[in-house]
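Under full-length UniProt numbering, the first residue of the sequence shown is numbered 1, with each subsequent residue one higher.
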Amino acid sequence: MAVKFIESCKLPTVMGTFDMHGFDDNGKEQVVLTYGDVSGDEPVLIRIHSECLTGDALFSLKCDCGPQLEAAMKNIVEQGRGAILYLRQEGRGIGLLNKIRAYHLQDCGLDTVEANEKLGFAADMREYSMLSTMLEHVGIKKVKVMTNNPRKLEALKAAGVEVVEQLTHMAGLNSHNKKYLSVKSDKLGHLITPDLLTDD
């Protein structure tokens with residue numbers, strides 16, 4: 001089953017009013033939020049954001065997901081146009097309940113990668129094959145990407161999307177997630193400035 005567009009609607013938020021576009025991705029419900037006119041040949045500011053219930057909705061300090069999403073939406077509104085691709089890939093693709101299991105292992109001293117591997121998963125199970133259909137539907141061909149994750153840049157290029165610029169995207173650093181961010185940098189290759197993770 002291919003990725004299928006379902007419907008669009010207006011989504012007023014505290015940052016501004018976005019258009020929300022829903023897709024059926026082989027039974028998963030994926031969303032693109034667009035702001036302003038994203039069609040045409042000019043590069044569009046985007047963020048690919050994987051669902052994080054704990055960070056996006058429950059204000060967890062264990063990660064930087066919620067602040068990253070909020071900062072991306074604000075940046076897009078300030079620019080006047082852009083898109084958020086919100087993907088249902090909780091816990092780097094292992095799902096919410098397994099994420100809770102991984103959090104328990106982290107409480108016992110493992111880092112995020114070690115916890116996933118202890119449960120029998122790869123460090124990052126996410127995939128991005130749906131991007132081409134979703135971006136094509138909203139008319140985006142060239143992008144400036146708010147991300148620290150080189151895998152997302154590779155996925156966009158593989159989807160035939162021209163990546164004009166990669167913008168480092170840091171938000172929500174706190175004492176609870178410094179180790180988490182260090183592991184992202186050291187083990188997953190995320191482009192995070194090391195001096196942001198050191199104690200003063």
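Built from N, CA and C at the ideal position, the CB exists for glycine as well. The model shown is predicted, which means the values in this text are computed figures rather than measured ones.
Beta-carbon proximity of residue i to residue j, cut-off 9 angstroms
i	j	result
Gly22	Val14	no
Asp124	Arg88	no
Glu51	Glu7	no
Arg101	Ile76	no
Ala71	Leu33	no
Leu45	Leu153	no
Gly27	Arg81	no
Pro12	Glu165	no
Lys142	Asp41	yes
Lys144	Gln106	no
Cβ distance (whole Å) where residue i is taken to contact residue j below 8 angstroms
i	j	result
Leu119	Leu156	Not really, about 29 angstroms apart at Cβ, beyond 8 angstroms.
His169	Met146	4 angstroms
residue 202	Ser39	Any answer about residue 202 is impossible in this case: the structure gives the chain only from 1 up to 200.
Ala2	Gln68	Their Cβ separation, rounded to whole angstroms, is 29 angstroms, which puts Ala2 and Gln68 out of contact at 8 angstroms.
Phe5	His104	Between His104 and Phe5 the Cβ distance is about 38 angstroms, and since that is not below 8 angstroms, they are no contact.
Where residue i falls, given that 16 or more other Cβ within 10 Å makes a residue buried
i	result
Phe79	Before going further, note that residue 79 is Gln rather than Phe in the sequence given. So Gln79 counts as exposed.
Lys99	buried
Asp56	buried
Thr17	exposed
Pro121	At residue 121 the sequence reads Phe, which differs from the Pro that was named. Buried.
Cys9	exposed
Met64	Sequence check: residue 64 is Asp here, not Met. That one is buried.
Gly49	For the record, residue 49 in the displayed sequence is His; it is not Gly. Buried, since its Cβ has 16 or more Cβ neighbours within 10 Å.
Leu96	exposed
Leu85	buried
Ala158	exposed
Gly109	exposed
Thr198	Note that Thr198 scores a pLDDT of 46, beneath 50, so its modelled location is shaky; the value from the coordinates is reported in the next line. Exposed, because fewer than 16 other Cβ atoms sit within 10 Å of the Cβ of Thr198.
Identity of the residues DSSP links to residue i by a beta bridge
i	result
His49	Tyr86
Phe18	Leu11
Lys4	Asp24
Met130	Paired residue(s): none; Met130 is not in a bridge.
Glu165	Lys144
Residue i beta carbon near the ligand PLP (any heavy atom closer than 8 angstroms)
i	result
Asp25	By its list of ligands, the structure shown contains no ligand whatsoever, and the ligand PLP lies outside what it can speak to.
>> If we require 3 or more residues per run, which beta strand (DSSP E) segments fall completely within the segment 23–81?
In response: The segment 23–81 contains these whole beta strand (DSSP E) runs: 28–35 and 44–50.
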